[in-house]
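Per my numbering, numbering through the sequence shown is continuous, rising by one, with the last residue being 313. Where is the CB? At the ideal position from N, CA and C, for every residue including glycine. The structure appears right after this line, and notes come after that.
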Amino acid sequence: MSRFRDRTEDFKDAVRQSAISSGFNESKLAAIMASFIIHKPRQRTLFLNSALKTLESIGALDQFLLKHRKDYVDRHRTTEQERDSIEHEVTAFVKACKEQIDVLKNCINDEEASSKGWLGIRDSSNADTIAHKHGVVLILSEKLHSVTAQFDQMRAVRFQEAINRAMPRRKLKKVVDSNSIDTSKPLNLEHRETNENQPERLRVQQELLDDETRALQVELTSLLDAVQDTETKMVEMSALNHLMSTHVLQQAQQIEHLYDQAVEATKNVELGNKELSQAIQRNRSSRTFLVLFFFVLTFSILFLDWYN
6 MSRFRDRTED
16 FKDAVRQSAI
26 SSGFNESKLA
36 AIMASFIIHK
46 PRQRTLFLNS
56 ALKTLESIGA
66 LDQFLLKHRK
76 DYVDRHRTTE
86 QERDSIEHEV
96 TAFVKACKEQ
106 IDVLKNCIND
116 EEASSKGWLG
126 IRDSSNADTI
136 AHKHGVVLIL
146 SEKLHSVTAQ
156 FDQMRAVRFQ
166 EAINRAMPRR
176 KLKKVVDSNS
186 IDTSKPLNLE
196 HRETNENQPE
206 RLRVQQELLD
216 DETRALQVEL
226 TSLLDAVQDT
236 ETKMVEMSAL
246 NHLMSTHVLQ
256 QAQQIEHLYD
266 QAVEATKNVE
276 LGNKELSQAI
286 QRNRSSRTFL
296 VLFFFVLTFS
306 ILFLDWYN
């Protein structure tokens, strides 16, 4: 097993000797030696800045969901308007992140198209970079999909809660209607019995009961309409979010497929380079053999001619 040795100090000595032989003064020599200790920060590309910005946006969306999760799920903590506002903000977040990922994809496609020559041959030196960028976009898409899946679960909880609230109210409405019918029957009987003695008191009680029943029915009807409206909005938003999540997942799978193709193309290019190197070596060896053969043949002919 071969042992590896750190040659950094040897490299520094070689750089120092080369700088002294080139006539560098002490200040330039000190600056060169200091560069080995204090490295200059690498300049970030536009793609890297956009990817980091997208990652920060997805992280901010995740933190926003964690912060407002209890407020959104528990109906006693917030109102319906506040929950709708949270949904609107999350939808805007997801849309902005998806647009940023689309920009990164377009940037990769443009770079991949520009790296091809006039015969459609891809430049092998840029294949690794393009494959790396495809991997970055794939990771961002998966992170966005996981965050949207969390929001889908939160909306499913809200939707189920709205359904659970709607069902008892419908049953309560039926019970109230049946009770009003049942109470009207004994009142009518009592009215018949005491028709001559207490007509005014029973009429007032009947009117009060009817008014309360109508008010309760109106309130229940309005609440039921509000719940049905909320259910419709929840179903629509859930369908849209599921569609968006499906598209994001499909794009992530396409990016992963492109990444595998890029890696395979890189391996094919490396294999082709090895085969070209072997062909060049074989050509050199065959050329050397031919030169040696002609030299020996010429020497043999001259020897035979001299011998005769």
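Check this for me: beta carbons of Ala161 and Ala267, under 8 Å apart or not?
Numbered from its first residue, the sequence shown carries residue 161 at position 156. Numbered from its first residue, the sequence shown carries residue 267 at position 262. Their beta carbons are not under 8 Å apart, which means Ala161 does not touch Ala267 by this criterion.
Got a sec, what are the start and stop residues for the alpha helix (DSSP H) Asp89 sits in?
Position 84 of the sequence shown holds residue 89. 85 to 119 is the extent of the alpha helix (DSSP H) around Asp89.
Own chain, CB closer than 8 Å to Arg289, minus 5 neighbours either side, in chain order:
By 1-based counting over the sequence shown, the position of residue 289 is 284. Nothing meets the Cβ criterion.
In whole angstroms, what is the alpha-carbon distance linking Glu198 and Gln211?
Here the question's residue 198 lines up with position 193 in the sequence shown. Here the question's residue 211 lines up with position 206 in the sequence shown. Confidence at Glu198 is low in this model, with a pLDDT of 49, below 50, so the placement of that residue is unreliable and no value is reported for it.
DSSP three-state assignment for Gly140, whether helix, strand or coil
Your numbering for residue 140 matches position 135 in the sequence shown. Residue state, collapsed to three classes: helix.
Buried or exposed for Ser227, going by 16 or more other Cβ atoms inside 10 Å?
Locating residue 227 in the sequence shown gives position 222, counting from the first residue. Classification of Ser227: exposed, given that the 10 Å Cβ count is below 16.
Assign Gln48 to one of three DSSP states: helix, strand, or coil.
Residue 48 sits at position 43 when you count from the first residue of the sequence shown. Three-state DSSP puts Gln48 in coil, outside helix and strand.
So is Phe156 buried or exposed if we call it buried at 16+ other beta carbons inside 10 Å?
As a first step, residue 156 must be located in the sequence shown, where it is residue number 151. Phe156 comes out buried.
What is the DSSP secondary structure of Ile42, counted as helix, strand or coil?
Counting from 1 along the sequence shown, the entry for residue 42 is found at position 37. Coil, per DSSP.
So Val152 packs on Asp76, CB below 8 Å; how close in whole Å?
Along the sequence shown, read from residue 1 onward, the residue named residue 152 stands at position 147. Along the sequence shown, read from residue 1 onward, the residue named residue 76 stands at position 71. Rounded, the Cβ-Cβ distance is 17 Å, inconsistent with contact.
Is the region 106 to 122 in contact with the region 79 to 87, if contact means three or more CB pairs nearer than 8 Å?
no
Run through DSSP, which three-state label would Phe164 get?
Within the sequence shown, residue 164 is the residue found at index 159, counting from 1. Helix, per DSSP.
In the structure shown, what three-state DSSP assignment does Gly64 receive?
The residue labelled residue 64 in the question sits at position 59 within the sequence shown. Residue state, collapsed to three classes: helix.
Check whether the region 138 to 154 and the region 91 to 111 touch, using three or more Cβ-Cβ pairs below 8 Å as the test.
yes
From Val296, Glu166, Asp216, His252, pick the residue whose C-alpha is nearest to that of Asp79; which is it?
Position 74 of the sequence shown, counted from the start, is the residue given in the question as residue 79. Ranking the options by Cα distance to Asp79, first place goes to Glu166.
Once DSSP output is grouped into helix, strand and coil, what is the label at Lys150?
Walking along the sequence shown from the start, residue 150 turns up at place 145. Correcting the residue type first, residue 150 is His in the shown sequence and not Lys. Looking at His150 - three-state DSSP - the assignment turns out to be helix.
Taking its Cβ as the centre, do 16 or more other Cβ atoms sit within 10 Å of Glu280, making it buried, or is it exposed?
As a first step, residue 280 must be located in the sequence shown, where it is residue number 275. With fewer than 16 Cβ atoms within 10 Å of its Cβ, Glu280 is classed as exposed.
As a quick exercise: from Gln256, Leu245, Thr96, pick the residue whose alpha carbon is nearest that of Lys110.
For the purposes of this step, residue 110 is taken as the residue at position 105 of the sequence shown. Of the listed residues, the one whose Cα sits closest to Lys110 is Gln256.
Could you tell me how far apart the beta carbons of His150 and Leu254 are, in whole angstroms, since I believe they sit closer than 8 Å?
As a position in the sequence shown, residue 150 is number 145, starting the count at 1. As a position in the sequence shown, residue 254 is number 249, starting the count at 1. Confirmed, about 6 Å.
DSSP state of Gly28 mapped onto helix, strand, coil
One-based indexing of the sequence shown puts residue 28 at position 23. Three-state DSSP puts Gly28 in coil, outside helix and strand.
For Arg219, three-class secondary structure by DSSP:
Here residue 219 is taken as the residue at index 214 of the sequence shown, counted from 1. Arg219: helix per DSSP, three-state reduction.
Once DSSP output is grouped into helix, strand and coil, what is the label at Asp11?
For the purposes of this step, residue 11 is identified with residue 6 of the sequence shown, where counting begins at 1. If DSSP states are grouped into helix, strand and coil, Asp11 belongs with coil.
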